[in-house]
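Chains as they are written, first to last, in the numbering used here: chain U, 1 to 321; chain E, 322 to 568.
Just so you know, even glycine gets a beta-carbon here, dropped at the ideal spot from N, CA and C.
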Amino acid sequence: MSILIYIDHADGQIKKSALEAISYGAALAKNLNTTAEAIVLGKVNEDLAGLGAYGLSAVHQAADEAFDKADAQALAKTVAGVAGTLSAEVVIFAANANGIALAPRVAVRLKAGLVSSAVALPDTHTEAGFTVKKVVFSGKAFAHVKINTPVKVITLTGNSYPAQKAAGTATVSQLDLHPDLSKVTITGVQKVEGEVPLTEAEIVVSGGRGLKGPENWNLITDLAHVLHGAVACSRPVADDGWRPHHEHVGQTGIQIAPNLYIAIGISGAIQHLGGVNRSKTIVVINKDPEAPFFKAADYGIIGDAFEVVPRLTEAIKAIKG
Amino acid sequence: MKILVAVSKAPDTTAKITFKDNNTAFNEDGVQWIVNPYDEWYALVRAIELKEAAPDTIIHLVSVDDSGADVILRKALALGGDEAIRVNIKPTDSFSVASQLAAVAREGAYDLILTGKETIDFNDGAVPGMLAELLDIPCIPVATKLTVENGKAVVVKEIEGGEQTEEVAFPVLISCAKGMAKQRMAGIRNVIAARSKTIKVVEPVAVDRLTEAVSFELPAAKTGVKMIEAGQEAELARLLHEEAKVF
Ligand SMILES: Cc1cc2nc3c(=O)[nH]c(=O)nc-3n(C[C@H](O)[C@H](O)[C@H](O)COP(=O)(O)OP(=O)(O)OC[C@H]3O[C@@H](n4cnc5c(N)ncnc54)[C@H](O)[C@@H]3O)c2cc1C
Numbered sequence: 001m002s003i004l005i006y007i008d009h010a011d012g013q014i015k016k017s018a019l020e021a022i023s024y025g026a027a028l029a030k031n032l033n034t035t036a037e038a039i040v041l042g043k044v045n046e047d048l049a050g051l052g053a054y055g056l057s058a059v060h061q062a063a064d065e066a067f068d069k070a071d072a073q074a075l076a077k078t079v080a081g082v083a084g085t086l087s088a089e090v091v092i093f094a095a096n097a098n099g100i101a102l103a104p105r106v107a108v109r110l111k112a113g114l115v116s117s118a119v120a121l122p123d124t125h126t127e128a129g130f131t132v133k134k135v136v137f138s139g140k141a142f143a144h145v146k147i148n149t150p151v152k153v154i155t156l157t158g159n160s161y162p163a164q165k166a167a168g169t170a171t172v173s174q175l176d177l178h179p180d181l182s183k184v185t186i187t188g189v190q191k192v193e194g195e196v197p198l199t200e201a202e203i204v205v206s207g208g209r210g211l212k213g214p215e216n217w218n219l220i221t222d223l224a225h226v227l228h229g230a231v232a233c234s235r236p237v238a239d240d241g242w243r244p245h246h247e248h249v250g251q252t253g254i255q256i257a258p259n260l261y262i263a264i265g266i267s268g269a270i271q272h273l274g275g276v277n278r279s280k281t282i283v284v285i286n287k288d289p290e291a292p293f294f295k296a297a298d299y300g301i302i303g304d305a306f307e308v309v310p311r312l313t314e315a316i317k318a319i320k321g
Numbered sequence: 322m323k324i325l326v327a328v329s330k331a332p333d334t335t336a337k338i339t340f341k342d343n344n345t346a347f348n349e350d351g352v353q354w355i356v357n358p359y360d361e362w363y364a365l366v367r368a369i370e371l372k373e374a375a376p377d378t379i380i381h382l383v384s385v386d387d388s389g390a391d392v393i394l395r396k397a398l399a400l401g402g403d404e405a406i407r408v409n410i411k412p413t414d415s416f417s418v419a420s421q422l423a424a425v426a427r428e429g430a431y432d433l434i435l436t437g438k439e440t441i442d443f444n445d446g447a448v449p450g451m452l453a454e455l456l457d458i459p460c461i462p463v464a465t466k467l468t469v470e471n472g473k474a475v476v477v478k479e480i481e482g483g484e485q486t487e488e489v490a491f492p493v494l495i496s497c498a499k500g501m502a503k504q505r506m507a508g509i510r511n512v513i514a515a516r517s518k519t520i521k522v523v524e525p526v527a528v529d530r531l532t533e534a535v536s537f538e539l540p541a542a543k544t545g546v547k548m549i550e551a552g553q554e555a556e557l558a559r560l561l562h563e564e565a566k567v568f
């Protein structure tokens, strides 16, 4: 019996969301009096034994580089196989692009109940059994979902459980496993260089229609740069082609929960709020005192973004030195 | 090409979300229902666009729900699609839906199955992957572009901090997100024409109940906003630094 965490990585680097998943799995293992182990498929350039600091007792790696190009079908088969061999009780993924591709497949293979987008550690001692809190209604509510099966699969929402580092080393073992031939071929990757991925960002600066046009976006990006944050936008901004679709946050866009969300020239429609209301601190800058967003904010400034934002950027720069 | 588009009934995006029976069930009173936006705007419309480019394409819609979903299926049929199938059971979790869809998909031998990236009520995003695994076919989730080139699907999907282009032979399942197609409205003529399209009702297969939502809660309300005068941005910066400690 153990908890198995899938370590997601890209370009040889372990993702922040994977470290969160490890800490989450380690805490769950502690609650269940068992051990947390992890599986890494493909090549990583990081010290796997060092992941013991996040609470892992063992890391199992299948280092065949073919895994780096393998499709979800092949990867899921391998993960489910290893979960079976280790008699894993719970398998945990980050709720990101790879997690969403893999977790449902692994769950089917293991005949396991799945909870997607968990935001807290499972309740393991309730009357109801094993329940997990997750986001529903696109951030407008939470559900406590009970898993009835002996084996369970969970995906963890980004920024909802902190990666916690202490001391410790994990044993690292190599698995002689190789993926099935992939049916899906990757023919190109287009990364936006130097930008923080929105779902992993701790600070997000977001602009709405109040900015009048794409030519004014330096207001948003300048502030984001000073804070080392990511940029986002409201839906009409992406619909009108002012900004790329992958920056659209909200109920029908990306759902995020950064430590700081700064909304500039965004009215705060219910569909927008759903995607951002789990942010820990929300700052709203809007010239309309009646803008609904102020009700969901922690700090607000009523004023013209074109005047307020450059001054705020300078003030933050001054503090950062 | 034969396309299956899975559509789901979802509460309108402006619906007030409340719960009843001691927070154990969603309160549907007064809720307007819509076609789940991802299913309609992206999956269905892209299927229709493919049919417009290759008119011998057949599009079937499918929904797992009780008869309350018929109006949603009619709405979807008004946009396009040849006929609809409804699996006559209230959906309980992603696995139950995926299992019912798998039975329909096996029956119809589809080349392409399109779904939305997730439903806006349960937000699992898990039906596509589960369905593909049950059918033992590839699945590309959260795709923003789909074209058919040389008999293969060429798909762009979102990854952290960018996108990735992938190529795959049919049959394949693709879950659709923004970018995939341009939202459209059904004209009145199509709404009338949709009334005479078939909704075939099939009975469900038996499926184990793997998970169940036992209770719901609303997010804690904010305790009140602290307003700062315009011109006092340095004060806001200080509060963010010293009080909220976010940078
Ligand atoms: C099914 C459905 C799904 C949707 N999903 C989403 C979603 O996922 N995400 C999303 O964002 N929206 C979504 N929407 C759209 C949503 O309803 C709103 O229309 C949208 O969020 C409004 O965007 P906005 O705030 O940028 O623009 P507006 O509502 O036009 O607001 C602009 C704001 O800028 C302020 N402003 C103007 N000038 C200035 C200035 N100089 N300085 C400061 N402030 C200024 C105004 O006071 C106003 O509050 C959805 C809608 C539907 C129907």
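* Asked: Which full runs of the beta strand (DSSP E) of 3+ residues lie inside the stretch 496-568 of chain E, going along the chain?
  -> Those beta strand (DSSP E) runs which fall completely within the stretch 496-568 of chain E and span 3+ residues are 520-523, 532-538, 547-549.
* To do: Kindly identify the DSSP beta-bridge partner or partners of Tyr6/U.
  => Bridge partners of Tyr6/U: Ile39/U.
* Proximity below 8 angstroms, CB of Asn467/E to CB of Ile495/E -> One detail in the question is off: residue 467/E reads as Leu in this sequence, not Asn. With contacts defined as CB atoms closer than 8 angstroms, Leu467/E and Ile495/E qualify as a contacting pair.
* To do: Could you name the residues of the stretch 288-304 of chain U whose beta carbon sits closer than 8 angstroms to any beta carbon of chain E, in the order they occur along the chain?
  => Within the stretch 288-304 of chain U, the qualifying residues are Phe294, Lys295, Ala296, Ala297, Asp298, Tyr299, Gly300, Ile301, Ile302, Gly303, Asp304.
* May I ask you to check if the CB of Ala269/U is nearer than 7 angstroms to at least one heavy atom of ligand 1? => At least one heavy atom of ligand 1 is nearer than 7 angstroms to the Cβ of Ala269/U, so yes.
* Asked: Assuming Gly300/U and Val284/U make a contact with CB atoms under 8 angstroms, what is their CB distance in whole Å?
  -> With 8 angstroms as the limit, Gly300/U and Val284/U qualify as a contact, their Cβ atoms being about 5 angstroms apart.
* Rank Pro197/U, Lys320/U, Pro214/U, Glu247/U by C-alpha distance to the C-alpha of Glu563/E and give the top, closest one. => Checking every option, the nearest Cα to that of Glu563/E belongs to Lys320/U.
* Asked: Less than 7 angstroms between the CB of Gln190/U and some heavy atom of ligand 1, yes or no?
  -> Not a single heavy atom of ligand 1 lies less than 7 angstroms from the C-beta of Gln190/U.
* Anything in chain U within Cβ reach of Glu470/E, meaning under 8 angstroms, just list it in chain order. => Going along chain U, no residue has its Cβ under 8 angstroms from Glu470/E, so there is no contact; the nearest lies around 11 angstroms.
* To do: Kindly indicate if chain U contains any beta-carbon less than 8 angstroms away from that of Gly483/E.
  => So, interface residue.
* Asked: If we cut at 8 angstroms on Cβ distances, does Ala502/E have a partner in chain U?
  -> So, not an interface residue.
* **Beta-carbon contacts of Ala80/U that lie in its chain and below 6 angstroms, excluding the five residues immediately before and after** => Sequence-distant partners of Ala80/U (beyond 5 residues in either direction) whose C-beta falls short of 6 angstroms from its own C-beta, in its chain, are Val106, Arg109, Leu110.
* Near Pro104/U, what residues of its chain come up, given a Cβ to Cβ distance below 7 angstroms and the 5 sequence neighbours on each side ignored? -> Counting only Cβ-Cβ distances below 7 angstroms, and skipping sequence neighbours, we find Leu114.
* Using a beta-carbon distance below 8 angstroms, is Lys146/U in contact with chain E? -> Contact with chain E is found for Lys146/U, since one of that chain's Cβ atoms lies less than 8 angstroms from the residue's Cβ.
* To do: Reducing DSSP to helix, strand and coil, say where Lys15/U ends up.
  => Coil, per DSSP.
* ligand 1 heavy atoms versus the CB of Gln504/E: any closer than 7 angstroms? -> It does not: the Cβ of Gln504/E is nowhere closer than 7 angstroms to a heavy atom of ligand 1.
* Name the DSSP beta bridge partners of Val476/E, please? -> Val476/E pairs with Leu467/E, Glu487/E.
* Flag Met451/E as yes if its beta-carbon sits less than 8 angstroms from any beta-carbon of chain U, otherwise no. => Yes, because at least one Cβ of chain U sits closer than 8 angstroms to the Cβ of Met451/E.
* Would the C-beta of Gly500/E count as close to ligand 1, meaning under 7 angstroms from any of its heavy atoms? -> Every heavy atom of ligand 1 is 7 angstroms or more from the Cβ of Gly500/E, so no.
* **Under the three-state DSSP convention, the category Ser23/U falls into** => Residue state, collapsed to three classes: helix.
* **N- and C-terminal bounds of the beta strand (DSSP E) containing Gln61/U** => Residue range 58-62 is occupied by the beta strand (DSSP E) that includes Gln61/U.
* Which residues of chain U have a Cβ atom closer than 8 angstroms to the Cβ of Leu561/E, listed in chain order? -> Within 8 angstroms Cβ-Cβ: Leu260, Thr281, Val283, Tyr299, Ile316.
* Boundaries of the beta strand (DSSP E) in which Phe93/U is found, first to last residue -> Here the beta strand (DSSP E) through Phe93/U covers 88-94.
* DSSP three-state assignment for Glu439/E, whether helix, strand or coil -> Note: Glu439/E maps to coil in three-state DSSP.
* Nearest to His60/U (by Cα), restricted to the options Ala74/U, Lys280/U, Gly42/U -> When Ala74/U, Lys280/U, Gly42/U are compared, the shortest CA-CA separation from His60/U is found for Gly42/U.
* **Inter-residue Cα distance where the pair is Arg516/E and Val326/E** => Those two C-alpha atoms are separated by around 19 angstroms.
* **Endpoints, the alpha helix (DSSP H) within which Asn98/U is located** => Residues 97-110.
* To do: Determine, using beta carbons only, whether Ala565/E and Thr281/U come nearer to each other than 8 angstroms.
  => In contact: Ala565/E and Thr281/U (Cβ atoms closer than 8 angstroms).
* Determine the closest residue to Ala464/E out of Ala447/E, Thr436/E, Asn471/E, with distance taken between C-alpha atoms. => With distances taken between Cα atoms, Ala464/E lies closest to Thr436/E.
* Counting pairs of beta carbons, one from the stretch 379-395 of chain E and one from the stretch 404-419 of chain E, are three or more of them closer than 8 angstroms? -> Because the criterion of three Cβ pairs below 8 angstroms is met, the stretch 379-395 of chain E and the stretch 404-419 of chain E touch.
* Asked: Is any heavy atom in ligand 1 found nearer than 7 angstroms to the beta carbon of Pro358/E?
  -> Pro358/E Cβ: within cutoff of ligand 1.
* Asked: Along the chain, where does the beta strand (DSSP E) that runs through Ser117/U open and close?
  -> Note, Ser117/U: beta strand (DSSP E), 113-118.
* **From Lys287/U, Thr34/U, Val172/U, Tyr161/U, residue whose alpha carbon lies closest to that of Gly359/U** => Residue 359/U falls outside the range modelled here, since chain U spans only 1 to 321, and no answer is possible.
* **Those residues which DSSP pairs with Lys133/U across a bridge** => In the DSSP output, where bridge partners are listed per residue, Lys133/U has His144/U.
* Below 7 angstroms CB to CB, which residues in the same chain sit around Asn148/U once its five sequence neighbours on both sides are set aside? => Leaving aside the five residues that flank Asn148/U on each side, the residues in its chain whose CB is nearer than 7 angstroms to its CB run, in chain order, Gly113.
* To do: Report yes if the C-beta distance between Ala232/U and Glu215/U is below 8 angstroms; otherwise report no.
  => Not in contact: Ala232/U and Glu215/U (Cβ atoms no closer than 8 angstroms).
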